[in-house]
Amino acid sequence: MDDSKTKKIRIINHFEHHERQELCQTRPKYRNGRRQTAIKVFTIADESFYLLIHKVPTLSGVNVGEDLRILCETFGTIEKFELVDYPQQQQQQKESFTNVYMVKYEKIIDAIRAKKRMDDYEFLGSLLHVCYAPEHETIADIRCKLNARKRYVGIKLAQCTNLLKKNK
40 MDDSKTKKIR
50 IINHFEHHER
60 QELCQTRPKY
70 RNGRRQTAIK
80 VFTIADESFY
90 LLIHKVPTLS
100 GVNVGEDLRI
110 LCETFGTIEK
120 FELVDYPQQQ
130 QQQKESFTNV
140 YMVKYEKIID
150 AIRAKKRMDD
160 YEFLGSLLHV
170 CYAPEHETIA
180 DIRCKLNARK
190 RYVGIKLAQC
200 TNLLKKNK
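Have a look at this one:
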């Protein structure tokens with residue numbers, strides 16, 4: 040794991056898929072859940088081992104990075120954890136006193152679970168925004184991700200086949 044204190048802060052690029060989407064206001068009443076959400080479909084290409092965590096507060100006297108790392112480790116083993124310099128778009132107002140961290144999980148399923156649980160999570164008085172960052176994946180990461188999905192689909196197909204055999 041990388042230590043953000045000893046390394047130079049890496050500058051990363053802004054991509055459209057990093058932006059928070061507006062909440063869906065036109066969903067039929069019977070489809071509404073307990074809380075409003077945006078409608079976005081993630082394919083295996085969109086999901087990633089890498090997560091960007093936006094709106095992490097900068098507080099003096101508190102080791103925010105270590106607290107965030109501990110929170111992230113509850114979802115799985117972390118390979119990389121670092122503070123990054125993320126450019127703010129002109130149409131967005133730069134939120135003062137917030138940072139962006141990048142986390143790489145060892146398993147894709149851990150990253151998916153962390154994104155679902157930590158997006159809109161209140162952390163030290165700030166609502167976090169978590170997004171996938173597939174642009175940082177290597178070819179080996181992509182191959183691993185696709186093989187994991189292939190195994191998962193194979194298991195689900197076998198379960199369906201077994202159910203069909205039982206019902207005959």
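To convert a position in the sequence shown, counted from 1, into this note's numbering, add 39.
By construction, the Cβ of each residue, glycine as well, lies at the ideal position given by its N, Cα and C atoms.
Remember, predicted model here, so these are calculated numbers, not experimental data.
query                                                                                                                                            : result
From Leu-196 to Arg-152, what does the alpha carbon distance come to, in whole angstroms?                                                        : 22 Å
For Tyr-191, does the count of other Cβ atoms within 10 angstroms reach 16, so buried, or fall short, so exposed?                                : exposed
Distance check for Asp-149 and Arg-156, CA to CA, integer angstroms please.                                                                      : 11 Å
Is Gln-130 helix, strand or coil when you go by DSSP?                                                                                            : In this predicted model, Gln-130 has a pLDDT of only 36, less than 50, meaning its place in the structure is not dependable; the value taken from the coordinates is given anyway. Gln-130 falls in the coil class under three-state DSSP.
Take Glu-161 as the anchor and find which of Pro-173, Glu-176, Asp-106, Tyr-89 has the nearest alpha-carbon.                                     : Asp-106
Helix or strand or just coil, what does DSSP make of Arg-159?                                                                                    : One detail in the question is off: residue 159 reads as Asp in this sequence, not Arg. It is coil, neither helix nor strand.
In or out: Lys-189 buried (at least 16 other Cβ within 10 Å) or exposed?                                                                         : exposed
Considering only C-alpha positions, which residue in the set Lys-68, Ile-194, Tyr-171 is nearest to Leu-90?                                      : Tyr-171
For a quick check, are the C-beta atoms of Ile-117 and Tyr-144 less than 8 Å apart?                                                              : yes
Using 8 Å as the threshold, is the C-beta distance between Val-139 and His-93 below it?                                                          : yes
Quick one: what does DSSP say Thr-137 is sitting in, helix, strand or coil?                                                                      : strand
Let's test the definition: count the other Cβ atoms within 10 Å of the Cβ of Gln-128 and tell me whether it reaches 16, buried, or not, exposed. : Note that Gln-128 scores a pLDDT of 47, beneath 50, so its modelled location is shaky and nothing firm can be said.
Determine the extent of the alpha helix (DSSP H) in which Glu-105 is found, giving its start and end residues.                                   : 103-112
Below 7 Å CB to CB, which residues in the same chain sit around Lys-154 once its five sequence neighbours on both sides are set aside?           : Leu-90, Val-169, Tyr-171
Go to Lys-119, then tell me how far its alpha helix (DSSP H) extends in each direction, as first and last residue.                               : Run containing Lys-119: none in the alpha helix (DSSP H); it sits in the beta strand (DSSP E), 117-124.
Our contact map puts Thr-137 next to Val-95 with C-beta atoms below 8 Å; I'd like the distance itself, whole angstroms only.                     : 6 Å
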